[in-house]
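**Student:** Residue numbers (our numbering): 1 to 251.
Cβ atoms here follow ideal geometry from the backbone N, Cα and C, with glycine treated the same way.
My questions all concern the structure below.
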Ligand code: ADP
Ligand code: MG
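Printed below as a string of structure tokens:
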């Protein structure tokens, strides 16, 4: 079973008169428990793909399955509900609420979960702040924390819903190298210990090298799939269709 399955998905954006083909015919299956990197230059479609997997946005065509359930035709409310149970998000710019403390930020996504009691909420906040090493900073607001600490709060917040998948869009891009490495190490430890599936985007080769699965993107398409083999990657390159071959040329 795949935790995420993407079946011939395309995504277009309308920009005034112009149509931007952000993703073109993406097909991909993600096994549970993997630490998957999506790599590619800026503009290749990484964020668009993560937003579709995270049900923040809908595909123009094709289908997306989360835990083998088709999410393509769900309503906005159903998607919000699915997100609050199954998906944790980590962003490049942390996206913490500035007026809330670290603990309150971690608690925040649990507030819309009627199945999680106030006691359980508190237990989860304490537990996940401890996992990311921030118990002592529970009452600090984001502006009283360093960049690395803010990203740790964001990781705790993502985990607090006990998601099937954590999606992280360039999680180390706003951090210095050493802090970025620490954050990645922490994500990987959590992946190994809690078996949470991580899907993260990056264009940093050092970050890619921590992954155990790789999807390479370019111009809205997948150009290669990689499986780690010790220190090297077994890369399977996706054949680019020559123009006119069984599909119309795209421009
Ligand atoms: P990446 O995250 O790899 O840098 P994105 O997914 O952000 O790439 O963007 C892929 C392409 O889609 C780019 O050409 C970008 O300009 C375009 N794009 C992304 N979001 C929008 C949007 N909301 N409106 C118009 N174009 C967009
Ligand atoms: Mg991006």
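Quick one: using the 10 Å Cβ neighbour count with 16 as the cut-off for buried, is residue 234 buried or exposed?
**Tutor:** Start at 1 with the first residue of the chain shown, and residue 234 comes out as number 234. The residue in question, residue 234, is exposed, as its Cβ has fewer than 16 Cβ neighbours within 10 Å.
**Student:** Quick one: grab the DSSP three-state call for residue 195.
**Tutor:** Position 195 of the chain shown, counting from 1, holds the residue named residue 195. DSSP places residue 195 in coil when its eight states are reduced to three.
**Student:** Have a look at residue 86 and residue 224 and give me their C-alpha separation to the nearest angstrom.
**Tutor:** What you label residue 86 is simply residue 86 of the chain shown in a count that begins at 1. What you label residue 224 is simply residue 224 of the chain shown in a count that begins at 1. Using only the alpha carbons, I get a separation of about 27 Å.
**Student:** Mind checking who residue 218 pairs with in its DSSP beta bridge?
**Tutor:** Here residue 218 corresponds to residue number 218 of the chain shown, with the count starting at 1. Residue 218 is bridged to 221.
**Student:** For residue 14, which of 60, 5 and 56 has the nearest alpha-carbon?
**Tutor:** In the chain shown, counting from the first residue as 1, residue 14 sits at position 14. Closest by alpha carbon: 60.
**Student:** Taking only the alpha-carbon atoms, compute the straight-line gap between residue 97 and residue 105 and give it to the nearest angstrom.
**Tutor:** Residue mapping note: residue 97 aligns to position 97 of the chain shown, counting from 1. Residue mapping note: residue 105 aligns to position 105 of the chain shown, counting from 1. Distance between the alpha carbons of residue 97 and residue 105 is about 6 Å.
**Student:** Do you know whose CA, among 100, 110 and 151, lies nearest residue 183's CA?
**Tutor:** Along the chain shown, one-based indexing puts residue 183 at 183. Selected option, being the one with the closest Cα: 151.
**Student:** What do you get for residue 103, buried or exposed, if any count of 16 or more other CB atoms within 10 angstroms of its CB means buried?
**Tutor:** In the chain shown, counting from the first residue as 1, residue 103 sits at position 103. Buried, because 16 or more other Cβ atoms sit within 10 Å of the Cβ of residue 103.
**Student:** Does the beta-carbon of residue 207 have 16 or more other beta-carbons within 10 angstroms, so that it is buried, or is it exposed?
**Tutor:** Here residue 207 corresponds to residue number 207 of the chain shown, with the count starting at 1. By the 10 Å Cβ count, residue 207 comes out buried.
**Student:** Just checking residue 195 against the ligand MG - is the residue's beta carbon closer than 8 Å to any of the ligand's heavy atoms?
**Tutor:** Numbered from 1 along the chain shown, position 195 holds the residue referred to as residue 195. Checking every heavy atom of the ligand MG against the Cβ of residue 195, none is found closer than 8 Å.
**Student:** Which residues neighbour the ligand ADP when neighbourhood means a C-beta less than 5 Å away from any of its non-hydrogen atoms? List them by chain order.
**Tutor:** Per the Cβ criterion, the list is 13, 15, 20, 22, 42, 43, 44, 45, 46, 47 and 48.
**Student:** Measuring only from the beta carbon, is residue 72 closer than 8 Å to any heavy atom that is part of the ligand MG?
**Tutor:** Residue numbering aside, residue 72 sits at position 72 when the chain shown is read from its first letter. Incorrect: residue 72 has no Cβ contact closer than 8 Å to the ligand MG.
**Student:** Is it right to say residue 80 is buried, meaning 16 or more other beta carbons lie within 10 angstroms of its own, or is it exposed?
**Tutor:** Counting from one through the chain shown, the residue named residue 80 turns up at place 80. Exposed.
**Student:** Under the criterion of a Cβ to heavy atom distance below 8 Å, does residue 39 qualify as lining the ligand MG?
**Tutor:** The residue you call residue 39 lines up with position 39 of the chain shown. No.
**Student:** Of all the options 39, 140, 154 and 9, which has the alpha carbon lying nearest to the alpha carbon of residue 99?
**Tutor:** Taking the chain shown and counting its residues from 1, one reaches residue 99 at position 99. Nearest of 39, 140, 154 and 9 to residue 99, Cα basis: 140.
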